[in-house]
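Student:
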Amino acid sequence: MPAGAVWTAPEETALVDFLGDNKAEAGDGGNFKSTTFQRAVSHIAPLHERGSIKTVKSTRSKWIAFKKIYRIIRAIQLVSGWVWDDDTGASITADSASSWDDYVKKHPEAKPFRNKGWRHFNKVALIMPSTAAGANVFHPTAGPSTPDDDSDRAVSPEPTPPPASSDSSDPPDHGDSDEDEVCNYLPFKTLI
């Protein structure tokens with residue numbers, strides 16, 4: 367049985383650099399076509415030192431592994447109270463060890479990054495598409511959203527005149543400017 371692909375640090379760096387230079391060829395999710403991986407194989411071939419010669423399949427597998435590592439680190443970065451550093455990883459101290467242990471129980475793939483960074487993070491971040499998340503993200507295939515509560519009903523759909531004031535300290539209305547009244551009584555939704 368032939369030995370599998372063994373990736374050296376220079377080969378990994380060359381792959382990430384090559385894919386970064388060819389980012390425009392990446393599709394949704396940072397996926398590249400086989401032709402891009404074939405060119406990557408040719409690009410890193412001069413750096414081969416040991417193990418099997420890199421193939422399109424092994425190169426694609428390495429990229430998939432890099433994307434997974436990137437997502438693991440992004441999840442770590444979003445945890446409140448931890449500070450990510452490319453050299454020291456999640457930089458877990460005695461004070462944060464308990465929360466780290468709880469996190470790793472639920473996310474065991476994060477364990478290697480307790481106090482060890484990943485040298486390719488910033489370059490892979492430039493290749494990966496940025497994805498927005500949340501309730502207010504536009505999805506072109508989604509239908510119109512419906513509110514989960516009645517919070518939008520607090521805004522009146524029609525302008526409402528102010529209550530009549532019997533306070534004599536109000537300035538007299540000279541009737542010379544309707545502009546102030548219009549601006550004061552427009553419903554909030556029409557200003558957005």
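Its first residue numbered 367, the sequence shown is counted upward by one per residue in my numbering. Even glycine gets a Cβ: it sits at the ideal position worked out from N, Cα and C.
Beta carbon of G455, beta carbon of G483: below 9 Å?
Tutor: Yes, the Cβ-Cβ distance between G455 and G483 is below 9 Å.
Student: Who are the Cβ neighbours of N388 in its own chain at under 7 Å, not counting the five residues just before and after it?
Tutor: Cβ within range, chain order: T402.
Student: What residue from E378, A463, W466 has the CA that sits closest to I410's CA?
Tutor: Looking at the Cα atoms, E378 is the closest of the given residues.
Student: Taking W429 as part of the alpha helix (DSSP H), name the residues at either end of that continuous run.
Tutor: Segment 422–443, the alpha helix (DSSP H) holding W429.
Student: Less than 9 Å between the beta carbons of R485 and A375, yes or no?
Tutor: A contact, by the Cβ cut-off of 9 Å.
Student: What would DSSP say about A371, mapped onto helix, strand or coil?
Tutor: A371: strand per DSSP, three-state reduction.
Student: Would you say A406 and F432 are within 9 Å of each other, going by their C-beta atoms?
Tutor: Not in contact: A406 and F432 (Cβ atoms no closer than 9 Å).
Student: Please report how far the alpha carbon of S408 lies from the alpha carbon of T425, in whole angstroms.
Tutor: Each residue's Cα considered, the two are about 11 Å apart.
Student: Is the CB-CB distance between I430 and F487 below 9 Å?
Tutor: Contact flag unset, no.
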